[in-house]
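Report on one structure; see the data block that follows.
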Amino acid sequence: MSDLEKYPTVWHLVSTITGQLVKGLTPNDILRAIFPGGSITGAPKIRAMEIIEPHKRGLYTGSIGYIGFDGAWDLNIVIRTIFLKEGQAYVHVGDGIIADSIPESEYYETLDKAKALFRVLKGRLNDSM
């Protein structure tokens, strides 16, 4: 099931996935299978990343969430996030490039996705930029 959610600078498709864990598998097996997300990296996932990126992403496109004792999970894919390390702020954003993408449009879409993060860093969250 998917929902289209509106945010200050973008629309985002949020999916809810349900299922039963196959006997003999663990939550770690599931996490290894689903990350990194294919919609972000392409497929095959790991090999695509090795080809297109010379460095590790760190937290970007990883996940923050929880796996409850009752078996419920709530996870995300870390995109449009500010990461602070040793007094430096790092912002990673990206866009999906496909065969018929228009590079200039994709560039501006990436900037639109980053607007809210830049507002936070400038201390002006409620500005329209």
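Residue numbers (this note's numbering): 137 to 265.
Using N, Cα and C, we set each Cβ at its ideal position, and we do this for glycine too.
This one's a predicted model, so the numbers in the text were calculated from it and none came from an experiment.
- In the displayed model, E222 falls within coil according to three-state DSSP, outside both helix and strand.
- In this structure, the CA atom of L140 is about 10 Å from the CA atom of V146.
- In the structure shown, the three-state DSSP call for L253 is helix.
- When C-alpha distances from S175 are compared across I203, V214, K159, the shortest belongs to V214.
- Membership of L149 in the beta strand (DSSP E) is indicated by the continuous run 147-151.
- A distance below 7 Å between beta-carbons, with the five flanking residues on each side excluded, links T152 to the following residues of its chain, in chain order: M137.
- Within the same chain, I218, F219, L257 come within 8 Å of A225 by CB-CB distance, once the 5 residues on both sides are set aside.
- Here DSSP, grouped into helix, strand and coil, assigns G174 to helix.
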